[in-house]
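Residue numbers (the working numbering): 1 to 187. Presented below is the structure to which this report refers.
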């Protein structure tokens, strides 16, 4: 796994051992960043279930103003810190070793431009995190939310109860990326 483009291009990243996390494949990551490339410069980017930090660090390498990385695993945080040091992107990164709910409730003050949500596939963290993001009002009308899942139908069914517009979907083997925006019905 490596940084594909930007200031840290070509940097090989450390990854977590074991089956507890599954890194986003380079081909999925490359496709993702090809899609959102024009929105990254000067963006505030949240990588909510960071794992090794590869997605958020790619955003930082490509010019995001601030990248917020969050993982509750101490081992993940250790790996992310090594990757931040290796990529020399520390000035653009905020790293939190907390549960995603605590991060969303207490740590984020800025309006987010891009949110990447890649929780454990068998969890209900997608719907819970999006509800919290909307409730905490940390998004604006152009915020792009991207979900990585392997259960498209489950996630799409859950999203029906929210005021979100699905703007794109891409499938890469087992991984599906769902791109959405919040629709404020009261605006």
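Glycine included, every Cβ here is placed at the ideal spot set by N, Cα and C.
Pick from 85, 171 and 135: whose alpha carbon is nearest that of residue 60?
Translated into positions along the chain shown, residue 60 becomes position 60. That would be 85, whose Cα lies nearest to the Cα of residue 60.
Would the segment 118-134 count as touching the segment 158-167 if we require 3 or more Cβ pairs under 8 Å?
yes
So, using beta-carbon positions, are residue 56 and residue 42 closer together than 8 Å?
Translated into the one-based positions of the chain shown, residue 56 becomes position 56. Translated into the one-based positions of the chain shown, residue 42 becomes position 42. Not in contact: residue 56 and residue 42 (Cβ atoms no closer than 8 Å).
DSSP has residue 3 in a bridge; who is on the other side?
Position 3 of the chain shown, counted from the start, is the residue given in the question as residue 3. Residue 3 is not bridged to any residue.
Can we say the segment 164-181 touches the segment 138-155, given the rule of at least three CB pairs closer than 8 Å?
yes
Rounded to whole angstroms, what's the CA-CA distance from residue 213 to residue 9? Just pull it up for me.
Since the first residue shown for the chain is 1 and the last is 187, residue 213 is missing from the structure and cannot be characterised.
Three-pair Cβ contact test at 8 Å for the segment 45-53 versus the segment 68-87
yes
Just to confirm before moving on: does the CB-CB distance between residue 13 and residue 3 stay below 8 Å?
Residue mapping note: residue 13 aligns to position 13 of the chain shown, counting from 1. Residue mapping note: residue 3 aligns to position 3 of the chain shown, counting from 1. Yes. Within cutoff.
Which residue comes first and which comes last in the beta strand (DSSP E) that contains residue 47?
Mapped onto the chain shown, residue 47 falls at position 47. It spans 44-47 - the beta strand (DSSP E) in which residue 47 sits, taken as one unbroken run.
Just how far apart, CA to CA, sit residue 99 and residue 168?
For the purposes of this step, residue 99 is taken as the residue at position 99 of the chain shown. For the purposes of this step, residue 168 is taken as the residue at position 168 of the chain shown. Roughly 28 Å between the two C-alpha positions.
Starting from the Cα of residue 118, find the closest Cα among 7, 153 and 126 and give me that residue.
For the purposes of this step, residue 118 is identified with residue 118 of the chain shown, where counting begins at 1. The shortest Cα separation from residue 118 among 7, 153 and 126 belongs to 126.
Close beta carbons around residue 75, own chain, < 7 Å, minus the five adjacent residues each side
Counting from one through the chain shown, the residue named residue 75 turns up at place 75. Excluding residues within five positions, the ones whose Cβ falls inside 7 Å are 16.
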